[in-house]
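Peer 1: Taken in order, these protein sequences are the chains called A and B. Residue numbering for the first sequence follows this note's numbering, starting at 24 and increasing by one per position. Residue numbering for the second sequence follows this note's numbering, starting at 24 and increasing by one per position. Have a look at the structure that comes next, please.
2 protein chains.
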Amino acid sequence: MLTERQRDVLEFIQSEQREKGITPSTREIQHHFGFASQTSVMQYLATLERKGFLDRHARKARALITPVQKVRITDVPIYGQIPAGMATLTEQTIEGHVSLDTRSVNASKNAKTFALRVRGDSMIDAHIVDGDVVILEDRKDVQNGDIVAALIDGETTLKRYVTEHGRPYLKAENPLYPNLVPARELRIQGVMVSLVRKQIPAARRKRG
Amino acid sequence: MLTERQRDVLEFIQSEQREKGITPSTREIQHHFGFASQTSVMQYLATLERKGFLDRHARKARALITPVQKVRITDVPIYGQIPAGMATLTEQTIEGHVSLDTRSVNASKNAKTFALRVRGDSMIDAHIVDGDVVILEDRKDVQNGDIVAALIDGETTLKRYVTEHGRPYLKAENPLYPNLVPARELRIQGVMVSLVRKQIPAARRKRG
DNA sequence: GGGGTTTGTGTTCATTTGAACTTGCGGCCC
DNA sequence: GGGCCGCAAGTTCAAATGAACACAAACCCC
């Protein structure tokens, strides 16, 4: 889709933005690549914009916008352990936020994304441990084998969604926990798309 | 810490950046607030910078940097599986980036942060599985029990750092893997501070 | 061999933009 | 009442910056 040189230019712009916080001017790009004229840069920018790799605000300084930055960061609210279930999820119950880029978290654009802090070790065999933050999407197409947050008896729990003979139930990934077969309805609140775990090094633990 | 008006200005800058992707120029700020002169803006910017709410690149256009963007989001390079070890970690070997806010990843300000993609299941009992991205810090104070990336025989591996009778070795968290006792030196490359895992829902897997 | 695309040079122009200087008003503290 | 500070007006300057025009070499495709 891009020529090698075009990619070079795009990557330079992105790396400058990451490092310095502002996008380079056409002259800065020019000097970095050793161009003797700005026109080359102008042409690269025009091409990158035409191909959709860049947005520009015409006639404004340092007004390059890499789609990366625009789409990338999602602020995901973390709902802590909520006995009352998702029906009551409001700003009030938000424990904090995680900021992640969409790709590293593999979130879709459309779906609502949120996070839950995991309590207990019912999913230990899926390598999800107490304290992990699980990122979920509110999507409709839950399928056999997905890990989901569901509302059971007024509590939100994380379990694996399994269908057997067309009938769904929730499976804990820990032999010590029972499977949950829904009496009436199964309210799926989100499908797990990602997990974030903090690991506190010993040196840090002492201090605080 | 800030007067009401100062906060207004700061919030305007931040909201413009969020919406348009670029920071406003002094004149844009001026017109938004209806100032008849730019000097007012200059003074606000100077104050905000002095109080640490803003960074500026002198004499550059639209070069305001809000701490939000600066401090919070860390762009962490992901080094893939690297046979040659960290000595050769260059831009070339970067597999991609994860963007995380410093707090959700509990990274320190000073330490260099990077990420590795985990291969194999040698840390399975620590609930780190194949494909996980582990975020590490380059820090000196490694302690008993920390999970570290270390250079052994020219390869970087993730293991638990254990000292016994004052002698350190690397412990795999999987009974199938042997412990690694360093013959001569043990080169610690980073201490694990966080973990990010992608979980691909079934519906997504089909499509791509 | 013609036509298109990519990459590049050299130059000029008009705007955009940050920065500086001087002046003034009103509130607050001692 | 004097001094300090936050806030603001009015003006000017120089640098930074985007944009345009004309020209040209290298390459690929058919």
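A virtual CB, placed ideally from N, CA and C, is assigned to each residue, including glycine. Every value quoted in this text rests on a predicted model; they were computed, and no experiment measured them.
For A:K163, does the count of other Cβ atoms within 10 angstroms reach 16, so buried, or fall short, so exposed?
Peer 2: exposed
Peer 1: Going by the CB atoms, is the gap between A:Q29 and A:T62 shorter than 9 angstroms?
Peer 2: no
Peer 1: Once you ignore the five residues that flank B:H55 on each side, which residues in its own chain have a CB closer than 8 angstroms to its CB?
Peer 2: F35, P47
Peer 1: Considering Cα atoms alone, identify which of B:I170, B:A138, B:P198, B:S60 is closest to B:V156.
Peer 2: Shortest Cα-Cα distance from B:V156 to any of B:I170, B:A138, B:P198, B:S60 involves B:A138.
Peer 1: What are the residues in the region 167-182 of chain B lying within 8 angstroms of chain A by C-beta distance?
Peer 2: N167, G168, D169, I170
Peer 1: Please name the residue, chosen from A:N197, A:N167, A:V171, A:E160, that lies closest to A:T186 on a Cα-to-Cα basis.
Peer 2: A:N167
Peer 1: Which term fits B:L199, buried or exposed, when burial requires 16 or more other beta carbons within 10 angstroms of its beta carbon?
Peer 2: exposed
Peer 1: Alpha carbons only, please: which of B:P205, B:E72, B:R190 is nearest the one belonging to B:L174?
Peer 2: B:P205
Peer 1: Quick one: Cα of B:I223 to Cα of A:D148, how far?
Peer 2: A direct Cα-to-Cα measurement between B:I223 and A:D148 gives close to 17 angstroms.
Peer 1: Output yes if chain A places a C-beta closer than 9 angstroms to the C-beta of B:M109; else output no.
Peer 2: Unreliable placement is indicated for B:M109, whose pLDDT of 44 sits below 50; no coordinate value is reported for it.
Peer 1: Rounded to whole angstroms, what is the Cα-Cα separation between A:V64 and A:I52?
Peer 2: 7 angstroms
Peer 1: Strictly below 9 angstroms CB to CB, what residues from chain B border A:K135?
Peer 2: Simply none; closest approach about 14 angstroms.
Peer 1: Can you name the residues of chain A whose CB is closer than 9 angstroms to the CB of B:K83?
Peer 2: Residues of chain A whose Cβ lies closer than 9 angstroms to the Cβ of B:K83 are, in chain order, I45, S48, A84, R85.
Peer 1: Look at the alpha carbon of B:D169 and the alpha carbon of B:G154, and state the distance between them as a whole number of angstroms.
Peer 2: 20 angstroms
Peer 1: Grab the span of the alpha helix (DSSP H) containing B:D31 for me, first residue to last.
Peer 2: 27-43
Peer 1: Would the beta-carbon of B:T180 fall within 9 angstroms of that of B:L203?
Peer 2: yes
Peer 1: When every heavy atom of the ligand MN is checked, does at least one fall within less than 8 angstroms of the C-beta of A:K182?
Peer 2: In terms of ligand content, the structure shown is empty, and the ligand MN therefore cannot be addressed.
Peer 1: Taking only the alpha-carbon atoms, compute the straight-line gap between A:T89 and A:D78 and give it to the nearest angstrom.
Peer 2: Taking the straight line joining both Cα atoms gives about 6 angstroms.
Peer 1: Along chain A, which residues have their Cβ under 7 angstroms away from the Cβ of B:V64?
Peer 2: Per Cβ cutoff of 7 angstroms: no residues; B:V64 is ~16 angstroms from chain A at best.
Peer 1: Compute the Euclidean distance between the alpha carbons of B:G213 and B:A172, then round it to the nearest angstrom.
Peer 2: 5 angstroms
Peer 1: A:F137 lies in the beta strand (DSSP E); which residues open and close that run?
Peer 2: 135-140
Peer 1: Quick one, which residues of the region 206-219 of chain B are near chain A if we go by CB-CB under 7 angstroms, in chain order?
Peer 2: Within the region 206-219 of chain B, contact with chain A at the beta-carbon level (separation under 7 angstroms) is assigned to V214, M215, V216, S217, L218, V219.
Peer 1: Could you check where the alpha helix (DSSP H) with B:M65 kicks off and where it finishes?
Peer 2: Per DSSP, B:M65 belongs to the alpha helix (DSSP H) from 61-73.
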